[in-house]
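Take a look at the structure set out below.
2 protein chains.
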Amino acid sequence: MRHFSDRALLTDLYELNMLQACFAERMNETAVLEFFVRHLPPQRNFLMAAGLEQLVVYLLSLHFDEDDLVWLHEYGKFSDAFIDSLQDFGFTGDVDAMPEATIFFADEPVVRITAPLREAQFIESRVINILHYQTLVASKAARMVLAAQGTPLIDFGLRRAHGAEAALWSARASYIAGFAATATTIAATTFDIPVAGTMAHSFVQAHETETAAFNAFAHAFPANTTLLIDTYDTEMAAHQVVHLARHLREQEGIQIKAVRLNSGDLSLLSHRVRAILDEGGCREIDIVASGNLDEYAVQDLVSTSAPITGFGVGTRMNTSSDAPYLDCAYKLVEYAGRARRKRSYGKAFWPGRKQVFRQFDAQGKMQCDTLTLQHDAISDQALLQPVLRGGRMIAPPPSLLEIRSNARSQLATLPSSLRQLAPAVPAYPITIAPEVRALASAVDASQHAAAEAECMRWGINMK
Amino acid sequence: MRHFSDRALLTDLYELNMLQACFAERMNETAVLEFFVRHLPPQRNFLMAAGLEQLVVYLLSLHFDEDDLVWLHEYGKFSDAFIDSLQDFGFTGDVDAMPEATIFFADEPVVRITAPLREAQFIESRVINILHYQTLVASKAARMVLAAQGTPLIDFGLRRAHGAEAALWSARASYIAGFAATATTIAATTFDIPVAGTMAHSFVQAHETETAAFNAFAHAFPANTTLLIDTYDTEMAAHQVVHLARHLREQEGIQIKAVRLNSGDLSLLSHRVRAILDEGGCREIDIVASGNLDEYAVQDLVSTSAPITGFGVGTRMNTSSDAPYLDCAYKLVEYAGRARRKRSYGKAFWPGRKQVFRQFDAQGKMQCDTLTLQHDAISDQALLQPVLRGGRMIAPPPSLLEIRSNARSQLATLPSSLRQLAPAVPAYPITIAPEVRALASAVDASQHAAAEAECMRWGINMK
Numbered sequence: 006m007r008h009f010s011d012r013a014l015l016t017d018l019y020e021l022n023m024l025q026a027c028f029a030e031r032m033n034e035t036a037v038l039e040f041f042v043r044h045l046p047p048q049r050n051f052l053m054a055a056g057l058e059q060l061v062v063y064l065l066s067l068h069f070d071e072d073d074l075v076w077l078h079e080y081g082k083f084s085d086a087f088i089d090s091l092q093d094f095g096f097t098g099d100v101d102a103m104p105e106a107t108i109f110f111a112d113e114p115v116v117r118i119t120a121p122l123r124e125a126q127f128i129e130s131r132v133i134n135i136l137h138y139q140t141l142v143a144s145k146a147a148r149m150v151l152a153a154q155g156t157p158l159i160d161f162g163l164r165r166a167h168g169a170e171a172a173l174w175s176a177r178a179s180y181i182a183g184f185a186a187t188a189t190t191i192a193a194t195t196f197d198i199p200v201a202g203t204m205a206h207s208f209v210q211a212h213e214t215e216t217a218a219f220n221a222f223a224h225a226f227p228a229n230t231t232l233l234i235d236t237y238d239t240e241m242a243a244h245q246v247v248h249l250a251r252h253l254r255e256q257e258g259i260q261i262k263a264v265r266l267n268s269g270d271l272s273l274l275s276h277r278v279r280a281i282l283d284e285g286g287c288r289e290i291d292i293v294a295s296g297n298l299d300e301y302a303v304q305d306l307v308s309t310s311a312p313i314t315g316f317g318v319g320t321r322m323n324t325s326s327d328a329p330y331l332d333c334a335y336k337l338v339e340y341a342g343r344a345r346r347k348r349s350y351g352k353a354f355w356p357g358r359k360q361v362f363r364q365f366d367a368q369g370k371m372q373c374d375t376l377t378l379q380h381d382a383i384s385d386q387a388l389l390q391p392v393l394r395g396g397r398m399i400a401p402p403p404s405l406l407e408i409r410s411n412a413r414s415q416l417a418t419l420p421s422s423l424r425q426l427a428p429a430v431p432a433y434p435i436t437i438a439p440e441v442r443a444l445a446s447a448v449d450a451s452q453h454a455a456a457e458a459e460c461m462r463w464g465i466n467m468k
Numbered sequence: 006m007r008h009f010s011d012r013a014l015l016t017d018l019y020e021l022n023m024l025q026a027c028f029a030e031r032m033n034e035t036a037v038l039e040f041f042v043r044h045l046p047p048q049r050n051f052l053m054a055a056g057l058e059q060l061v062v063y064l065l066s067l068h069f070d071e072d073d074l075v076w077l078h079e080y081g082k083f084s085d086a087f088i089d090s091l092q093d094f095g096f097t098g099d100v101d102a103m104p105e106a107t108i109f110f111a112d113e114p115v116v117r118i119t120a121p122l123r124e125a126q127f128i129e130s131r132v133i134n135i136l137h138y139q140t141l142v143a144s145k146a147a148r149m150v151l152a153a154q155g156t157p158l159i160d161f162g163l164r165r166a167h168g169a170e171a172a173l174w175s176a177r178a179s180y181i182a183g184f185a186a187t188a189t190t191i192a193a194t195t196f197d198i199p200v201a202g203t204m205a206h207s208f209v210q211a212h213e214t215e216t217a218a219f220n221a222f223a224h225a226f227p228a229n230t231t232l233l234i235d236t237y238d239t240e241m242a243a244h245q246v247v248h249l250a251r252h253l254r255e256q257e258g259i260q261i262k263a264v265r266l267n268s269g270d271l272s273l274l275s276h277r278v279r280a281i282l283d284e285g286g287c288r289e290i291d292i293v294a295s296g297n298l299d300e301y302a303v304q305d306l307v308s309t310s311a312p313i314t315g316f317g318v319g320t321r322m323n324t325s326s327d328a329p330y331l332d333c334a335y336k337l338v339e340y341a342g343r344a345r346r347k348r349s350y351g352k353a354f355w356p357g358r359k360q361v362f363r364q365f366d367a368q369g370k371m372q373c374d375t376l377t378l379q380h381d382a383i384s385d386q387a388l389l390q391p392v393l394r395g396g397r398m399i400a401p402p403p404s405l406l407e408i409r410s411n412a413r414s415q416l417a418t419l420p421s422s423l424r425q426l427a428p429a430v431p432a433y434p435i436t437i438a439p440e441v442r443a444l445a446s447a448v449d450a451s452q453h454a455a456a457e458a459e460c461m462r463w464g465i466n467m468k
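Line order of the protein sequences matches chains S and B. One rule links them: number in the numbering used here = place in the first sequence (from 1) + 5. One rule links them: number in the numbering used here = place in the second sequence (from 1) + 5.
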């Protein structure tokens with residue numbers, strides 16, 4: 006049996022309900038749905054798109070297998086004819102999307118899907134599940150990368166990631182955003198992301214003394230020894246490292262690479278440990294730091310010139326702890342050739358097939374975005390690009406290194422007001438093109454007229 | 006190839022480093038490690054344990070397969086002898102744990118693992134990854150269950166869960182805590198959790214009018230019709246439902262079951278829609294509500310008697326949005342027969358194999374917990390129970406319904422101060438037994454003496 010995460014039944018039940026209702030109505034004209042974020046978290050200046058590769062994998066492999074069909078029969082609420090129709094269900098539509106690592110803002114379509122209604126609608130739950138999480142993490146990780154100002158960041162987040170897929174995907178999304186490596190080993194085998202790792206407290210504790218643990222570890226990994234020195238007393242451990250390092254260097258030619266701090270006042274301790282190491286003739290031993298770090302802590306350490314040459318960042322990055330979800334949606338903007346939108350309070354969105362154009366200033370910095378209709382090509386800087394046509398990829402997907410390189414370019418185009426951690430004032434300007442506003446009015450008027458006619462027909466007297 | 010989430014390489018690289026270092030040292034005495042939470046999030050009064058079943062599945066199936074071994078060779082930093090030794094690596098130890106759904110507090114061991122050091126230590130990353138997330142969700146969901154005061158809650162969270170495993174496991178954890186059902190269909194096939202679902206905005210939008218959409222849906226699911234009425238104008242849609250319901254009932258014998266509100270002021274709208282339905286002779290049509298609900302919103306709606314008979318809750322439950330992670334750890338408390346602990350600033354923990362005893366008052370309400378050593382059996386209400394012995398289950402695991410029933414019993418024992426959403430003052434009392442405090446002092450003194458001797462040996466002059 007396939008793993009549950011690869012099965013078509015990884016969906017909300019209502020997607021199946023919709024599918025059967027559309028099947029019963031023989032309703033399957035072309036639908037256009039767009040994935041977008043309604044509002045940025047208040048403290049954020051931009052978001053970074055990620056997860057498109059996994060979305061494509063999902064769409065290309067989507068099908069109901071025998072196990073799925075058996076369950077649908079057993080569930081008892083779907084018709085046999087409908088379940089039979091699912092045997093050749095798959096994704097045959099088009100995908101246009103911002104390339105992964107593109108910076109984007111509220112209301113901008115990140116992915117646009119054009120397909121027969123049943124396909125385009127059915128995929129909603131997993132489309133959001135896939136795009137939301139990696140975008141969430143890449144956006145958070147990008148802030149950390151900006152805050153670190155070139156100091157390498159390593160993903161330490163497996164343990165408190167929300168499950169296995171979150172652990173793997175956050176390793177990918179943070180690597181895209183500019184992290185140097187991950188501790189999550191499976192990410193090396195899956196995505197070829199560099200892995201890194203040091204040692205655990207339990208290893209130190211299991212030895213009679215820290216020196217004994219450090220010595221054993223240095224012998225096991227003579228070419229790559231990073232010693233965790235905060236198990237009992239960080240400064241006392243640093244003194245032991247100085248003496249052990251001298252011994253190992255002189256007697257065995259082993260060079261200790263770094264020490265790791267994982268608790269306490271990292272600024273204070275890094276300065277003290279640096280002094281102990283330097284006075285002991287160990288200027289070549291680096292200091293790396295970890296322990297509940299977020300972008301603000303990283304920025305504080307970097308801006309106060311703490312002598313730290315690498316940061317391990319985990320939980321707060323991959324749970325996006327200050328904003329653990331994005332207010333995102335995947336919504337119908339056109340059906341059977343007519344633009345659509347909903348107007349639910351606080352959740353209205355712009356109708357029609359849309360495109361985003363970005364303008365840059367003379368220095369190559371982002372100046373403003375325009376949200377307009379697809380055919381209203383106001384410049385050649387269209388952010389959404391073709392990805393799938395008729396259910397097939399139109400070009401090989403970019404490599405992870407290419408995506409990572411795109412992230413670097415994207416971050417380089419951020420104006421300084423958006424690079425800072427504090428909210429930019431004023432926020433980045435997004436112009437809604439007159440064509441979009443006009444279409445929204447027309448769609449609303451037409452929907453309202455249809456609703457009034459319906460009410461008239463039923464004799465409903467509206468206030 | 007196995008799915009990545011089932012592979013031994015779903016671990017932090019440092020676990021493999023430790024494994025090789027222990028292998029090189031032939032170090033593999035019995036180790037005892039405990040999983041616990043250091044601090045409750047400030048606004049929380051209790052936590053609820055979950056995830057033990059998935060932990061047991063992981064331990065029972067843990068092994069390195071050919072793909073893993075090939076990668077370890079290719080990685081180039083591990084010795085051949087070490088990699089060969091992994092061919093028969095597996096979990097052969099003991100597990101003691103609080104049964105799933107047990108309520109617990111800071112510093113209390115939730116799971117205790119006793120095994121040869123290499124096994125007990127290697128599993129750390131995934132042990133935390135498994136236990137942390139479901140515990141996080143069950144704890145959050147339990148607050149929603151208390152706030153709902155008997156009104157059914159349905160998990161709507163797949164889309165913004167952090168990946169597939171989070172979606173599936175949060176369906177399980179929220180069901181344990183007392184949710185009535187989930188929309189995540191794969192949870193029905195995997196865990197036999199009841200599934201529920203309504204309709205999407207895109208379905209409404211794709212039709213010319215709401216009435217047309219409602220009518221089509223009612224015909225597709227005549228026995229189970231819940232209509233989403235907030236796409237354009239909630240009250241206008243409610244009027245249309247009244248007329249459609251009458252028509253369907255009289256002409257076709259179809260009874261609309263409920264309408265769903267998903268935006269706007271749910272209290273106000275539920276009263277207005279109730280009035281419209283009642284005045285239209287549709288008292289039997291229920292109102293269910295969803296849309297960014299958390300326990301506070303649910304409590305407000307329930308306490309103001311909003312006429313809502315079911316809540317759909319998603320994102321804020323399964324991202325545990327107010328506290329998206331727990332400050333949890335899995336730490337060595339004993340090795341080779343000697344108690345251990347670390348003393349890292351802010352991260353010290355209690356040494357030794359521990360047990361938790363709970364005391365109840367005459368009304369059966371929880372009165373206080375005592376954290377003590379395993380052999381110090383102060384009552385027969387020991388919370389940690391044997392689960393695995395020598396790598397094998399000692400009894401069949403409880404069914405999900407039994408676990409859910411345990412959650413109900415557990416919540417019934419909460420004193421009223423802990424049942425409220427606001428922080429209890431005073432907090433629930435946890436007594437640290439004198440035996441534990443004495444052991445901590447002895448462990449610290451012994452470690453300190455060893456460190457001093459080590460420093461003497463190296464000629465380090467400590468302040």
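Backbone N, C-alpha and C define an ideal beta-carbon position, used for all residues, glycine too. As the structure is a computational prediction, the values presented were derived from the model and not from experiment.
query, result
"Sequence-distant residues of its chain with Cβ nearer than 8 Å to T97 of chain S (five each side left out)", "A120, P121, E124, G395 and G396"
"Cα-Cα separation, R31 of chain S to L24 of chain S", "10 Å"
"Neighbourhood of Y340 of chain B by C-beta, 8 Å cutoff - its chain only, sequence neighbours within 5 removed", "E34, T35, A36, V37 and L122"
"Interface positions of the segment 40 to 55 of chain S facing chain B (Cβ-Cβ less than 9 Å), listed along the chain", "none"
"Contacting residues, own chain, Cβ-Cβ under 6 Å from R321 of chain B (five flanking each side not counted)", "D299"
"Three-pair Cβ contact test at 8 Å for the segment 356 to 369 of chain S versus the segment 272 to 280 of chain B", "no"
"Test item: CB-CB of G56 of chain S and A178 of chain S under 9 Å", "yes"
"Residue nearest to S144 of chain B in terms of C-alpha spacing, selected from B:L60, B:G162, B:L45 and B:S275", "B:L45"
"Whole runs of the beta strand (DSSP E) within the segment 15 to 83 of chain B, excluding any shorter than 3 residues", "35 to 44"
"Cβ contact check for the segment 152 to 161 of chain S and the segment 188 to 201 of chain S: 3 or more pairs under 8 Å", "yes"
"DSSP state of P439 of chain S mapped onto helix, strand, coil", "helix"
"Through-space distance from N411 of chain S to V247 of chain B, alpha-carbon basis", "54 Å"
"Closer than 8 Å: W76 of chain S CB and nearest the ligand ADP heavy atom", "Among the ligands in the structure shown, none appear at all, so the ligand ADP cannot be discussed."
"Members of the segment 58 to 77 of chain S that neighbour chain B once the beta carbon cut-off is set at 7 Å", "W76"
"Rounded C-alpha distance that separates A171 of chain B from V318 of chain S", "21 Å"
"Contact with chain C by K145 of chain S, beta-carbon distance below 9 Å", "Although the question refers to chain C, the structure presented lacks it and instead comprises the protein chains S and B."
"Under 9 Å by beta carbon: chain S residues contacting N267 of chain B", "S349 and K352"
"Against chain S: residues of the segment 92 to 110 of chain B by CB proximity under 8 Å", "none"
"Integer-rounded CB distance, given that Q415 of chain B should sit under 8 Å from I108 of chain B", "5 Å"
"D374 of chain S vs T314 of chain S beta-carbon contact at 9 Å", "no"
"Of the listed residues S:L393, S:A186 and S:A456, nearest to Y63 of chain S (C-alpha basis)", "S:L393"
"G342 of chain S at chain B interface by Cβ criterion, 9 Å", "no"
"CB contact below 9 Å: Y180 of chain B versus chain S", "no"
"Chain S contact for H380 of chain B (CB, 9 Å cutoff)", "no"
"Alpha-carbon spacing of D449 of chain B relative to L306 of chain S, whole angstroms", "31 Å"
"Helix, strand or coil at E105 of chain S [DSSP, three-state]", "coil"
"Runs of alpha helix (DSSP H) lying entirely within the segment 135 to 197 of chain B, each at least 4 residues, in chain order", "169 to 182 and 191 to 196"
"Min CB distance C460 of chain B to chain S below 9 Å", "yes"
"Member of S:D235, S:D72, S:R43 and S:A54 whose CA lies at the smallest distance from the CA of H8 of chain S", "S:D72"
"Contact check, I118 of chain S vs L67 of chain S, beta carbons under 9 Å", "no"
"Helix, strand or coil at A263 of chain B according to DSSP, with G and I counted as helix", "strand"
"Proximity to M53 of chain B [Cα-Cα], best of B:L136, B:P47, B:T16 and B:G95", "B:L136"
"Collapsed DSSP secondary structure at M461 of chain B in the structure displayed", "helix"
"Nearest to L74 of chain S (by Cα), restricted to the options S:F226, S:A13, S:D197 and S:V430", "S:A13"
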